[in-house]
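So the protein sequences, as listed, match chains C and V. The numbering of the first sequence is my numbering, which starts it at 43 and goes up by one. The numbering of the second sequence is my numbering, which starts it at 4 and goes up by one. Here the structure is laid out as structure tokens; the discussion comes afterwards.
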Amino acid sequence: MKFNRRKASALGALAISAALVLSACGGSSDGGDKGGSGGSGKSVSVTFLPKNLGNPYFDTSDKGGKTAVSEFGGKFSEVGPEKASPDAQVPFINTAAQQGINALVVSANDPKAIGDALNEARDAGTKVVTFDSDTDPKYRDLFINQATAEGIAKVQVDMIAKQIGDKGDIAILSAAANATNQNAWIDLMKKDLSANHPNIKLVDTVYGNDDDQTSFDKTSALLQKYPNLKGIVSPTTVGIAAAARYVSDSEFKGKVQVTGLGTPNQMRKYVEDGTVQAFALWNPEDLGYLAAFAAKALVDGTITGKEGDTFKAGKLGEFTVGKDATVLLGDPFQFNKGNIAKFNF
Amino acid sequence: MTARTYAAHAKPLWQRALLTREFAIIALLVVVYLYSRSEVPAFDGPLTIYYLLLDAAAILLIALPMTMIIITGEIDLSVASTVALSSVLVGDLHQHGMSIPMAGLVAILAGVVCGAFNGFLVAYVGLPSLAVTIGTLALYRGIAVGTLGTKAVTDFPEKWTDLAKQHIGDSSYPVIVIPFVVLAILFTLLLHFTSFGRGVYDIGLNSEAAHFTGVNVARTKFILFVLSGAVSAFAGIYITLRYGSARGDNATGLELQVIAAVLLGGVSIFGGRGALHGVIAGVLLIGVISSALRLEDVTVNVINIIIGLLLVLSVMSTSFLSLATRASAGMKKRSSKSSDARQQLASAHHEGKN
Chain C
43 MKFNRRKASA LGALAISAAL VLSACGGSSD GGDKGGSGGS GKSVSVTFLP KNLGNPYFDT
103 SDKGGKTAVS EFGGKFSEVG PEKASPDAQV PFINTAAQQG INALVVSAND PKAIGDALNE
163 ARDAGTKVVT FDSDTDPKYR DLFINQATAE GIAKVQVDMI AKQIGDKGDI AILSAAANAT
223 NQNAWIDLMK KDLSANHPNI KLVDTVYGND DDQTSFDKTS ALLQKYPNLK GIVSPTTVGI
283 AAAARYVSDS EFKGKVQVTG LGTPNQMRKY VEDGTVQAFA LWNPEDLGYL AAFAAKALVD
343 GTITGKEGDT FKAGKLGEFT VGKDATVLLG DPFQFNKGNI AKFNF
Chain V
4 MTARTYAAHA KPLWQRALLT REFAIIALLV VVYLYSRSEV PAFDGPLTIY YLLLDAAAIL
64 LIALPMTMII ITGEIDLSVA STVALSSVLV GDLHQHGMSI PMAGLVAILA GVVCGAFNGF
124 LVAYVGLPSL AVTIGTLALY RGIAVGTLGT KAVTDFPEKW TDLAKQHIGD SSYPVIVIPF
184 VVLAILFTLL LHFTSFGRGV YDIGLNSEAA HFTGVNVART KFILFVLSGA VSAFAGIYIT
244 LRYGSARGDN ATGLELQVIA AVLLGGVSIF GGRGALHGVI AGVLLIGVIS SALRLEDVTV
304 NVINIIIGLL LVLSVMSTSF LSLATRASAG MKKRSSKSSD ARQQLASAHH EGKN
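In structure tokens, the structure reads:
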């Protein structure tokens with residue numbers, strides 16, 4: 043009876059799993075056929091590999107990439123791991139190399155760990171463009187940079203100056219006291235303020251450590267300590283959301299302006315209720331759009347990635363390759379009541 | 004062998020070898036592989052096998068001791084955390100000037116310590132391995148992440164990172180296959196051709212009976228957990244060098260991939276049944292399916308759904324069909340008088356756990 047049981051279960055296992063796998067493969071090969079017919083001719087195949095799937099930020103950038111690829115008549119696909127880890131990204135890079143994809147557009151989970159896989163793909167003839175998060179320059183053909191420190195500092199000063207009428211006391215609510223990015227931006231903002239906005243006085247810089255509660259408490263302390271405060275600039279997404287939450291529930295709403303760097307989903311409520319007039323970040327959709335056009339320019343041979351190369355990126359216009367094979371998207375994007383509804387990340 | 008005459012041995016060896024769950028998995032692997040080669044674009048390229056083995060190597064390695072642990076009826080959920088701890092140790096020690104072989108040795112010793120800690124709590128204190136290794140899953144991962152924080156060590160000598168990805172000669176097999184084959188042979192000999200291995204099955208079928216027939220249950224379990232720790236640490240060194248990156252979050256979730264492959268390979272989660280050739284085929288089957296579906300641009304969520312369903316169906320097929328066949332088997336059972344004690348144990352265990 044043991045024999046019978048084994049035989050039956052073995053055959054059953056074989057039959058059921060075979061049926062499942064064959065049907066699964068059958069289903070997927072339909073997808074492959076569709077892709078195959080789209081890829082016939084001399085269209086450029088571009089694969090987007092974000093840090094992970096199901097991330098609203100990358101959903102937005104991939105949407106931009108897809109728009110661009112359909113504009114130039116290429117074949118677009120989006121692949122990626124469920125979680126943002128470098129070892130999970132590597133199999134997808136390997137797959138692109140096997141498929142002989144023309145260009146791979148990657149946001150790197152690690153500047154080094156995916157490097158060898160990227161170079162193998164390049165050896166197989168695939169052009170590699172990084173966006174949002176770069177690898178070491180030796181592993182890619184081009185990096186699409188979302189913003190420079192100067193651009194980020196300038197947009198924040200411009201926003202607060204406009205919102206408080208270019209006059210009055212302001213404070214900065216930063217991340218950690220030793221945060222490299224934030225400190226670089228704050229230094230540039232101070233220079234800009236003293237050079238171009240003599241009537242704005244920066245009274246204090248406090249640190250919320252990118253912690254929601256700490257940032258909330260620091261906002262409260264700032265407003266009590268400086269009754270004449272006109273504005274708070276927070277160059278960090280955690281800080282600006284906490285400051286906006288405090289101000290929106292307090293008597294300072296409408297009297298104290300909050301601005302800085304934030305994401306539309308975090309800030310939507312405060313923009314709609316009037317606490318925040320405008321905040322900045324880059325537009326991930328444009329970033330993906332530009333990356334796809336840059337990939338096409340590389341595949342076509344219009345550019346090679348050397349400084350001074352220029353290419354056209356559809357509705358965004360012409361771009362020039364800068365130092366270290368980097369292309370800058372442009373000035374940060376300002377989100378306000380008029381446009382925030384269009385963004386979901 | 005010839006003295007055993009019960010029903011399971013009534014047929015010739017070749018028939019018994021063919022009509023097993025292990026063989027079903029191997030056959031399915033061959034079918035899926037051949038199907039993919041002919042139908043999936045780029046699957047028959049030279050890189051497919053190479054990448055597939057590079058990706059599967061860590062799972063293949065850890066599946067060896069995991070199979071034996073699950074056959075005893077225990078489980079080790081801390082393997083991926085041990086991988087991460089080993090990875091971080093290699094990175095941190097290398098950063099402080101230690102050579103890669105020395106750092107690797109320390110990492111493997113740390114793996115042995117991790118395994119021994121699990122083994123001590125399970126085998127000698129008598130705690131359930133599920134609870135113990137959920138605890139050490141968090142503990143070892145915590146130490147790993149705490150050691151490097153959010154940093155990653157990436158400045159490994161190219162000599163070593165290249166070695167982890169090197170081909171054997173001009174073939175499409177990476178060199179990591181060599182230590183795997185050596186370990187697979189050793190584990191096969193240990194599990195299927197020694198009294199220690201028979202003890203492993205006995206513990207899974209009935210731990211108490213195993214004890215009374217002279218199997219040192221505690222020592223056997225302890226040794227298996229130590230082996231698991233050591234092999235996981237070795238896999239950690241491989242992962243570190245392959246990606247050239249030591250991070251506390253390396254190999255997150257790897258333990259479930261290993262266990263899924265082991266179960267797909269025909270090992271019973273209740274213990275007492277399974278074989279290494281089935282497990283190796285199970286790992287490769289998941290690898291081939293993932294690789295083929297990725298080449299078809301199927302998203303990772305769909306791939307996971309398909310592999311999950313395959314696992315559920317393959318586990319179900321055993322339970323359902325054994326229930327269905329038991330009715331017809333029941334009649335013959337009475338006529339068969341030559342069943343030995345081991346088989347009675349086996350069926351008692353089977354009914355008890357179902």
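Just so you know, even glycine gets a beta-carbon here, dropped at the ideal spot from N, CA and C. Since the structure is predicted, the reported quantities are computational estimates derived from the model, not experimental observations.
Can you give me the C-alpha to C-alpha distance between residue 266 (chain C) and residue 293 (chain C), rounded to a whole angstrom?
Your numbering for residue 266 (chain C) matches position 224 in the first sequence. Your numbering for residue 293 (chain C) matches position 251 in the first sequence. About 12 Å.
Between the alpha carbons of residue 21 (chain V) and residue 256 (chain V), how many angstroms are there, rounded?
As a first step, residue 21 (chain V) is located in the second sequence; it is residue number 18 there, counting from the start. As a first step, residue 256 (chain V) is located in the second sequence; it is residue number 253 there, counting from the start. As the crow flies, the alpha-carbon of residue 21 (chain V) is around 34 Å from that of residue 256 (chain V).
If you run the structure through DSSP and keep just helix, strand and coil, what is residue 149 (chain C)?
For this step, residue 149 (chain C) is matched to residue 107 along the first sequence. Note: residue 149 (chain C) maps to coil in three-state DSSP.
For a contact meaning CB atoms closer than 8 Å, what does residue 125 (chain C) contact in chain V?
Translated into the one-based positions of the first sequence, residue 125 (chain C) becomes position 83. Residues of chain V passing the Cβ test: 255, 256.
Taking three-plus beta-carbon pairs below 8 Å as touching, is the stretch 262-279 of chain C in contact with the stretch 208-223 of chain C?
Put simply, the stretch 262-279 of chain C touches the stretch 208-223 of chain C. At least three CB pairs are less than 8 Å apart.
Name the two residues that bound the continuous alpha helix (DSSP H) containing residue 299 (chain C).
The residue you call residue 299 (chain C) lines up with position 257 of the first sequence. From DSSP, residue 299 (chain C) is part of no alpha helix (DSSP H) but of the beta strand (DSSP E) over 299-302.
Distance cutoff 8 Å, beta carbons only. Does residue 54 (chain V) sit that close to anything in chain A?
No chain A appears in the structure shown, which is made up of the protein chains C and V.
So which residues on chain C does residue 179 (chain V) lean against when the C-beta distance must stay under 8 Å?
The residue labelled residue 179 (chain V) in the question sits at position 176 within the second sequence. Neighbourhood of residue 179 (chain V) in chain C, by CB distance below 8 Å: empty, with the nearest CB roughly 14 Å away.
Quick check: is the beta carbon of residue 95 (chain C) nearer than 8 Å to any beta carbon in chain V?
Against the first sequence, residue 95 (chain C) aligns to sequence position 53. At least one chain V Cβ lies under 8 Å of residue 95 (chain C).
Which ranges would you report for the alpha helix (DSSP H) in the stretch 193-253 of chain C if only whole runs of at least 4 residues count?
222-238
Would you list the residues sitting across from residue 275 (chain C) in a DSSP beta bridge?
Along the first sequence, read from residue 1 onward, the residue named residue 275 (chain C) stands at position 233. DSSP output for residue 275 (chain C) lists C:214, C:301 as bridge partner(s).
With a threshold of 8 Å between beta carbons, is residue 136 (chain C) in contact with chain V?
As a first step, residue 136 (chain C) is located in the first sequence; it is residue number 94 there, counting from the start. Interface residue, yes.
Under 7 Å by beta carbon: chain C residues contacting residue 248 (chain V):
Within the second sequence, numbered from 1, the residue matching residue 248 (chain V) stands at position 245. Close partners of residue 248 (chain V) in chain C (Cβ separation under 7 Å): 128, 152, 154, 155.
Kindly identify the DSSP beta-bridge partner or partners of residue 378 (chain C).
Counting from 1 along the first sequence, the entry for residue 378 (chain C) is found at position 336. Residue 378 (chain C) is bridged to C:320.
At a Cβ threshold of 8 Å, is residue 297 (chain V) touching chain C?
Taking the second sequence and counting its residues from 1, the one referred to as residue 297 (chain V) is at position 294. Output row for residue 297 (chain V): interface = yes.
Restricting to Cα atoms, I'd like to know which of C:123, C:102, C:155, C:164 is closest to residue 139 (chain C).
Indexing the first sequence from 1 puts residue 139 (chain C) at position 97. The residue with the shortest Cα to Cα distance from residue 139 (chain C) is C:164.
Determine the chain V residues that contact residue 119 (chain C) at a beta-carbon separation under 7 Å, and present them in chain order.
On the first sequence, residue 119 (chain C) is found 77 positions in, with the first residue counted as 1. Here the neighbours are 300.
If I follow the unbroken beta strand (DSSP E) through residue 124 (chain C), where does it start and stop?
Reading the first sequence from its first residue, position 82 is the one you call residue 124 (chain C). Element bounds for residue 124 (chain C): n/a, residue is neither H nor E.
Three-state class that DSSP yields for residue 211 (chain V) in the structure shown
Indexing the second sequence from 1 puts residue 211 (chain V) at position 208. Reduced to three states, the DSSP call for residue 211 (chain V) is helix.
Sub-8 Å separation of residue 75 (chain V) and residue 283 (chain V) beta-carbons:
Within the second sequence, numbered from 1, the residue matching residue 75 (chain V) stands at position 72. Within the second sequence, numbered from 1, the residue matching residue 283 (chain V) stands at position 280. Cβ distance not < 8 Å, so residue 75 (chain V) and residue 283 (chain V) don't count as in contact.
Straight-line CA distance for residue 2 (chain V) to residue 291 (chain V)?
A query on residue 2 (chain V) cannot be resolved here, the shown segment of chain V reaching from 4 to 357 and no further.
C-beta atoms of residue 388 (chain C) and residue 245 (chain C) nearer than 8 Å
Absent from the model: residue 388 (chain C). The displayed extent of chain C is 43 to 387, so no value can be given.
Counting only beta-carbon separations shorter than 8 Å, does residue 70 (chain C) have a partner in chain V?
Against the first sequence, residue 70 (chain C) aligns to sequence position 28. Only weak support exists for where residue 70 (chain C) lies, its pLDDT of 38 falling under 50; the value from the coordinates is given anyway. Answer yes: the Cβ-Cβ gap between residue 70 (chain C) and chain V drops below 8 Å somewhere.
Inter-residue spacing [alpha-carbon to alpha-carbon] between residue 329 (chain C) and residue 371 (chain C)
The sequence position of residue 329 (chain C) within the first sequence is 287, counting from 1. The sequence position of residue 371 (chain C) within the first sequence is 329, counting from 1. Residue 329 (chain C) and residue 371 (chain C) have their C-alpha atoms some 6 Å from each other.
Considering only the beta carbon of each residue, do residue 117 (chain C) and residue 337 (chain C) sit closer than 8 Å?
For the purposes of this step, residue 117 (chain C) is taken as residue 75 along the first sequence, with counting starting at 1. For the purposes of this step, residue 337 (chain C) is taken as residue 295 along the first sequence, with counting starting at 1. Result no, Cβ atoms of residue 117 (chain C) and residue 337 (chain C) do not sit closer than 8 Å.
Please classify residue 127 (chain V) as buried or exposed, where buried requires at least 16 other C-beta atoms within 10 Å of its C-beta.
Translated into positions along the second sequence, residue 127 (chain V) becomes position 124. Result: exposed.
At the level of alpha carbons, what is the spacing between residue 76 (chain C) and residue 53 (chain V)?
Within the first sequence, numbered from 1, the residue matching residue 76 (chain C) stands at position 34. Within the second sequence, numbered from 1, the residue matching residue 53 (chain V) stands at position 50. Its pLDDT being 35, under 50, residue 76 (chain C) is placed unreliably in this model, and the value from its coordinates should be taken loosely. Each residue's Cα considered, the two are about 28 Å apart.
If I follow the unbroken beta strand (DSSP E) through residue 186 (chain C), where does it start and stop?
Along the first sequence, one-based indexing puts residue 186 (chain C) at 144. 184-187 is the span of the beta strand (DSSP E), which, as asked, contains residue 186 (chain C).
Could you tell me if residue 263 (chain C) is buried or exposed, where buried requires 16 or more neighbouring beta carbons within 10 angstroms of its beta carbon?
The residue labelled residue 263 (chain C) in the question sits at position 221 within the first sequence. Answer is exposed; the Cβ neighbour count stays below 16.
Would you tell me roughly how many angstroms separate the C-alpha atoms of residue 70 (chain V) and residue 160 (chain V), rounded to the nearest one?
Translated into the one-based positions of the second sequence, residue 70 (chain V) becomes position 67. Translated into the one-based positions of the second sequence, residue 160 (chain V) becomes position 157. So the alpha carbons of these two residues sit roughly 34 Å apart.
Relative to the C-alpha of residue 318 (chain C), which candidate in C:331, C:300, C:221, C:119 has its C-alpha closest?
Taking the first residue of the first sequence as position 1, residue 318 (chain C) is located at position 276. Distances from the CA of residue 318 (chain C) to each of C:331, C:300, C:221, C:119 were compared; the closest alpha carbon is that of C:300.
Within chain V, partners of residue 122 (chain C) - CB distance below 9 Å:
The residue you call residue 122 (chain C) lines up with position 80 of the first sequence. Per Cβ cutoff of 9 Å: 302, 303.
Can the beta-carbon of residue 79 (chain V) be found less than 8 Å from the beta-carbon of residue 148 (chain V)?
Sequence index remark: in the second sequence, residue 79 (chain V) carries index 76 (1-based). Sequence index remark: in the second sequence, residue 148 (chain V) carries index 145 (1-based). Here residue 79 (chain V) is not near residue 148 (chain V), since their CB atoms are 8 Å or more apart.
At a cut of 8 Å, does the stretch 269-285 of chain V reach the stretch 28-40 of chain V through at least three beta carbon pairs?
These segments touch.
Looking at residue 61 (chain V): is its Cβ nearer than 8 Å to the Cβ of residue 241 (chain V)?
Sequence index remark: in the second sequence, residue 61 (chain V) carries index 58 (1-based). Sequence index remark: in the second sequence, residue 241 (chain V) carries index 238 (1-based). In this structure, residue 241 (chain V) lies closer than 8 Å to residue 61 (chain V) by Cβ.
Please report the straight-line C-alpha distance between residue 238 (chain V) and residue 145 (chain C), rounded to a whole angstrom.
Walking along the second sequence from the start, residue 238 (chain V) turns up at place 235. Walking along the first sequence from the start, residue 145 (chain C) turns up at place 103. Using only the alpha carbons, I get a separation of about 32 Å.
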